[in-house]
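Participant:
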Amino acid sequence: MSQLLLTLLVFVPILGTLFILLLPNSFKDHFGKITIAINSFQLVVASYIVLQYEGFHETMNGVLSLDNFQFLEKYQWIELNLGSFGRLSAEYLLGVDGISNSMVLLAAIVLLIGAISSLEIKNKRRGFYALYLLLSGTIMGCFLALDFFLFYLFFEFMLLPMYFLIGIWGGKNSEYASIKFFIYTLVGSIFILVIMIALAASVIDPAATAVQLGLVSNLDQVTPDIISKVQQMLISGNIGQSDYVRTFTLVHMMDAKNYIPDSILSLDYGATLFGTNVRFVAFLMVFIGFAIKLPVVPLHTWLPDAHVEAPTSISVVLAGVLLKIGGYGMLRIAYSVFPDGAQYFAWWIALFGVISILYGAFVALGTHNLKRLIAYSSVSHMGFVMLGIASLTAEGVSGAMFQMFSHGIISSALFLIAGVLYYRTGDLEIESYSGLSSKMPRYTMLATIAFFASLGLPGFSGFMAELFVFLGAFNSSAVNHLIPRWMTITAVLGLVLSAAYYLWAMQRIFLGKYFIKNKSWEEKLGDLTSRELLMLAPLAIMTLLLGIYPKLLINLIEGSITELVEFANFVGADYIKTIIGG
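Numbering of the sequence shown is given in my numbering, commencing with residue 11 and proceeding in unit increments.
1. Pick out whichever of Ala423, Gly376 and Met243 has its Cα sitting closest to the Cα of Leu328.
2. DSSP three-state call for Thr539: helix, strand or coil?
3. Give the straight-line distance between the Cα atoms of Ala56 and Val20, rounded to the nearest whole angstrom.
4. According to the neighbour-count rule (16 or more other Cβ atoms, all chains shown, within 10 Å of its Cβ), is Gln413 buried or exposed?
5. State buried or exposed for Trp358, treating a residue as buried only when at least 16 other CB atoms are found within 10 Å of its CB.
6. Write down every uninterrupted run of the beta strand (DSSP E) in the segment 411-495 whose length is 3 residues or greater and which is fully enclosed by it, in chain order.
7. In the DSSP assignment, what are the bridge partners of Gln86?
8. Alpha helix (DSSP H) containing Arg342: first to last residue?
9. Indicate the three-state DSSP secondary structure (helix, strand or coil) for Thr45 in the structure shown.
10. Run the CB neighbour count on Val261, radius 10 Å, all protein chains shown included, and call it buried at 16 or more, exposed below.
11. Classify Thr311 as helix, strand or coil using the three-state DSSP reduction.
12. If you reduce the DSSP assignment to three classes, tell me which class Phe258 lands in.
13. When the Cα atoms are used, what is the spatial distance from Ile418 to Val347?
14. Taking Cβ to Cβ, would you say Ser366 is nearer than 8 Å to Val389?
15. Would you mind giving the Cβ-Cβ distance between Ile214 and Tyr254, rounded to the nearest angstrom? I have them listed as a contact below 8 Å.
16. Alpha carbon to alpha carbon, what distance is there between Asp157 and Trp87?
17. Go ahead and pull the three-state DSSP assignment for Thr233.
18. Among Ile526, Phe577, Gln353 and Tyr433, which one has its Cα closest to the Cα of Ile493?
19. Which complete alpha helix (DSSP H) runs does the segment 175-261 hold, if anything under 4 residues is left out?
20. State the DSSP-derived secondary structure class of Leu304, mapped to helix, strand or coil.
21. Is Ala374 near Leu383, with beta carbons less than 8 Å apart?
22. Which of helix, strand or coil does DSSP assign to Tyr279?
23. With a CB to CB cut of under 7 Å and the five nearest residues on each side skipped, what residues in its chain are close to Ala117?
24. On the DSSP letters alone, give me the boundaries of the alpha helix (DSSP H) that Thr27 sits inside.
25. Pick from Pro305, Ala475 and Ala140: whose alpha carbon is nearest that of Gly198?
26. Please identify the residue among Ala281, Lys523, Ala460 and Val479 whose C-alpha is closest to the C-alpha of Pro548.
27. Could you tell me the distance, in whole angstroms, from the CA atom of Leu15 to the CA atom of Gly93?
28. In whole angstroms, what is the alpha-carbon distance linking Ile335 and Lys529?
29. Is Gly299 near the ligand NAP, judged by its Cβ being under 7 Å from some heavy atom?
30. Exposed or buried, what is Met70 when buried is set at 16 or more other beta-carbons lying within 10 Å of its beta-carbon?
31. On a CA-only basis, which of Glu101, Ile30, Ala578 and Gly65 is nearest Leu341? Give me that one, please.
32. Rounded to the nearest angstrom, what separates Ile302 and Asn490 at their Cα positions?
33. So which of Leu209, Glu476, Tyr453 and Thr45 has the shortest CA-CA distance to Glu542?
34. Go ahead and label Trp496 buried or exposed: buried means 16 or more other beta carbons lie within 10 angstroms of its beta carbon, across all protein chains shown.
35. Within its chain, find whatever has a CB closer than 6 Å to the CB of Phe580; leave out the 5 residues flanking it on each side and keep chain order.
36. Which residue from Tyr173, Ile399, Met295 and Tyr345 puts its Cα closest to that of Leu144?
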């Protein structure tokens, strides 16, 4: 059973989709409970995997490999004969390291919270919960897939349920918001698809090629020496095209020795596009594809509309998990496959990170809709992720990962807080409320925790995340000379601005003389229900716990991040020397 845990995380919710679709209509009042049960199962499995994770196993081969991952599930999936061009292979390959483990745990937490929140849905329940479970499975697939083609299927298929969940169950402009979301993300997916195809045409699976050459009779007999021999034969031109086994496996794409000489993405190809080496262009295309999902200014405009129009439960999942797939994809694919591009464009990545921090904060400061304020706050906070990964320091990338996890928890709480007001009154304009602390004390307390956590107050997880990002970005000028210190100093202004808009919103909504725009809301504005407390209290506890004892998350991610940072710095620098000389 332990060999199928990752498959269960992905396919139990997908099977749950079919189960709900097949149930008779007399069970419509139980669709939400079934969804909560399945998402609870995901959380139990994810927690077990995290607890059983043995820590990072450092390898001595200088590249990221399958030895760095645990709970591996590997099966031959697609094999296509290309005639004189050899064969093309795609594998059903799942695994976790510290980076993906943290995101799987975050996804399981947020998806369960979102499912509990979705009990407010009253119309077309069968369709909503079927789509929600489909979304749950595809999200997990994105964080677990180690084959690029398999990852892409999950990444692309995720658009479908999210499009309908926003478009059908959203607000009055939900169709516009869902179409905008779909088009933006689809454009990014096309960029990723082009490079995925180019990589598959450029990379071989050395183990499968060894079997094809007759060096061994099956994959179980392949040893590191055999793989090294195949790679040497590839470099010296002693393997014919008909014997190539081209692959979508990400770990093979991370090793330059697996690239076919003179293939479009090999280090020695030398072709340029718009005056830039093709590998650098490939990195940019993949990076932009994930930057749209994160999102990064100026590719962010779909996000505020989607958040404002989406139902609360979907806003929770969108902010808590879906944005993090963008950051995860940058690290798992863009940085790991193209470490040369990560170094080459580090200055620009950091710059757009700083722009996102400041732009999102300034717009949030001027908005009067609570959901839109939180949405632009997310744009600002994802800028810290960009700044952290651009630094290519252990502290900076750890801070970026910490920020993704922390923001997932905090933003989920913030959108639930907005949802409490919207469910009661249908109005999210900040000016419509004042002095709610006198009528809703528990609500005020948990909202205050979420606001302070998001603005980066010491003692909360948001502060620890931003501290690590600033340390890494500031040290980058001394460690690898990628980011100038003025960028880090400028980014600090984002903390001041976030304090300004959150304190303004908190003062307006919760403090002062009691006021509500519409007197008919009076009877509806009761304090938190037990269900709302069940959702918000654990999130508040988690952000406090990670703020006080960040080692809980750092222990999980630090080994994988250290290996990735060393790989991107040293191997990336060697790749750049090969590509442009020097």
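Virtual Cβ for every residue (Gly too), placed ideally from N, Cα, C. Only a predicted model underlies this, so the values are computations on that prediction, with no experimental measurement involved.
Facilitator: Considering the structure as presented:
1. Among Ala423, Gly376 and Met243, the Cα nearest to that of Leu328 is on Ala423.
2. Three-state result, Thr539: coil.
3. Cα atoms of Ala56 and Val20: separation of roughly 11 Å, rounded to the nearest angstrom.
4. The residue in question, Gln413, is buried, as its Cβ has 16 or more Cβ neighbours within 10 Å.
5. So Trp358 ends up on the exposed side.
6. As for any beta strand (DSSP E) of minimum length 3 sitting wholly inside the segment 411-495, there is none.
7. Paired residue(s): Glu101.
8. First-last for Arg342: undefined, no H or E at that position.
9. Thr45: helix per DSSP, three-state reduction.
10. It is buried - the Cβ of Val261 has at least 16 other Cβ atoms within 10 Å.
11. Coil at Thr311, not helix or strand.
12. Correct three-state label for Phe258: coil.
13. Checking the sequence, you will find Gly at residue 418 rather than Ile. In a straight line, the C-alpha of Gly418 is about 26 Å away from that of Val347.
14. In this structure, Val389 lies closer than 8 Å to Ser366 by Cβ.
15. Contact flag correct, Cβ pair sits at about 5 Å.
16. Rounded to whole angstroms, Trp87 to Asp157 spans 10 Å at the Cα level.
17. Three-state result, Thr233: coil.
18. Ile493 has its Cα closest to that of Gln353, out of Ile526, Phe577, Gln353 and Tyr433.
19. Counting only runs of 4 or more residues that sit fully inside the segment 175-261, the alpha helix (DSSP H) segments are 184-212, 216-223 and 234-245, in chain order.
20. Looking at Leu304 - three-state DSSP - the assignment turns out to be coil, as it is neither helix nor strand.
21. Yes, the Cβ-Cβ distance between Ala374 and Leu383 is below 8 Å.
22. Of the three classes helix, strand and coil, the one that applies to Tyr279 here is coil, per DSSP.
23. Counting only Cβ-Cβ distances below 7 Å, and skipping sequence neighbours, we find Ile149, Met150, Phe153 and Val331.
24. Per DSSP, Thr27 belongs to the alpha helix (DSSP H) from Leu15 to Leu32.
25. Cα-wise, what sits closest to Gly198 is Pro305.
26. If we check each option's Cα against that of Pro548, Ala460 comes out closest.
27. Rounded to the nearest angstrom, the two C-alpha atoms are 37 Å apart.
28. Answer to the nearest angstrom: the Cα atoms are 43 Å apart.
29. The ligand NAP is not part of this structure, which contains no ligands at all.
30. Note on Met70: pLDDT 45, under 50, position unreliable in the model; the coordinate value appears next. That one is exposed.
31. Looking from the CA of Leu341, the closest CA among Glu101, Ile30, Ala578 and Gly65 belongs to Ala578.
32. Going by C-alpha positions, Ile302 is about 27 Å away from Asn490.
33. For the residues Leu209, Glu476, Tyr453 and Thr45, the minimum Cα distance to Glu542 belongs to Tyr453.
34. The residue is exposed, with fewer than 16 neighbouring Cβ atoms inside 10 Å.
35. Listed in chain order, the non-local C-beta contacts of Phe580 below 6 Å within the same chain number zero, local neighbours out to five positions each way being set aside.
36. For the residues Tyr173, Ile399, Met295 and Tyr345, the minimum Cα distance to Leu144 belongs to Tyr173.
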